[in-house]
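K.L.:
Residue numbers for the sequence shown follow the working numbering, beginning at 68 and rising by one.
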Amino acid sequence: MLIFLVTSLIFISIGCGIFYNSHRKDRLARSKLEALFAFIPRFEKGEFDNAKSDFEKHYYIDASRELIDTLAESGVYLGNDFDWVGWIKDNPITENPEIIKSASVEDIRQILTAMINQDRFIDGMLAEKFESGMMENILQRLEELDKNSQIKF
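#1: Out of S171, I183, P164 and I107, which one is the CA nearest neighbour of N147?
#2: Kindly list the residues whose CB is nearer than 6 Å to the CB of E210, restricted to its own chain and excluding five residues on each side of it in sequence; keep chain order.
#3: Taking buried to mean at least 16 other C-beta atoms within 10 Å of its own C-beta, is F197 buried or exposed?
#4: Can you check whether the CB of L206 is closer than 7 Å to the CB of I107?
#5: Quick check on this structure: which residue in N204, A130 and S141 has the alpha carbon closest to the alpha carbon of T161?
#6: Can you have a look at S171 and say buried or exposed, based on whether 16 or more other CB atoms are within 10 angstroms of its CB?
#7: Considering I178, what are the terminal residues of the alpha helix (DSSP H) in which it resides?
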């Protein structure tokens, strides 16, 4: 009976989390976007050189973990309903800064969601994007779109 109760509670909490994320997926939170933009100067200071490796497993600490959490909370992350695997097949994630410079808000959301999800299967994917400057370029583009009033709340 206890096992059934614990299992039920786990499924309920997972279900609520999925509902919560899918319910919020189209809304971007102004305060959280501003929190994302605050990470841009932190890239310039080199605060994201802190992904640690241990037996081929990356652990995101400090600023990197903060950024990943803020991305999830901001509404930028599209959640479980987005077919990121299918999207990547048609739109390989590229580090070409010219593509990022012309990306729409929806493009940015799809790229970030795919990168976050892909990191679950390709360990260190996000660490690579931090180091290459891609994440900084994406945040700068998102900030530019916000300044041009292209983000709807």
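In this text, a Cβ means the ideal position worked out from N, Cα and C, and glycines have one as well.
P.N.:
A quick look at the data gives this:
#1: Position 80 of the sequence shown, counting from 1, holds the residue named residue 147. The candidate whose alpha carbon is nearest that of N147 is I183.
#2: Mapped onto the sequence shown, residue 210 falls at position 143. Cβ neighbours of E210 beyond the five flanking positions: F104.
#3: Indexing the sequence shown from 1 puts residue 197 at position 130. Buried, since its Cβ has 16 or more Cβ neighbours within 10 Å.
#4: Within the sequence shown, residue 107 is the residue found at index 40, counting from 1. Within the sequence shown, residue 206 is the residue found at index 139, counting from 1. Result yes, Cβ atoms of I107 and L206 sit closer than 7 Å.
#5: For the purposes of this step, residue 161 is identified with residue 94 of the sequence shown, where counting begins at 1. Closest by alpha carbon: N204.
#6: Here the question's residue 171 lines up with position 104 in the sequence shown. The residue is exposed, with fewer than 16 neighbouring Cβ atoms inside 10 Å.
#7: Reading the sequence shown from its first residue, position 111 is the one you call residue 178. Here the alpha helix (DSSP H) through I178 covers V172 to F188.
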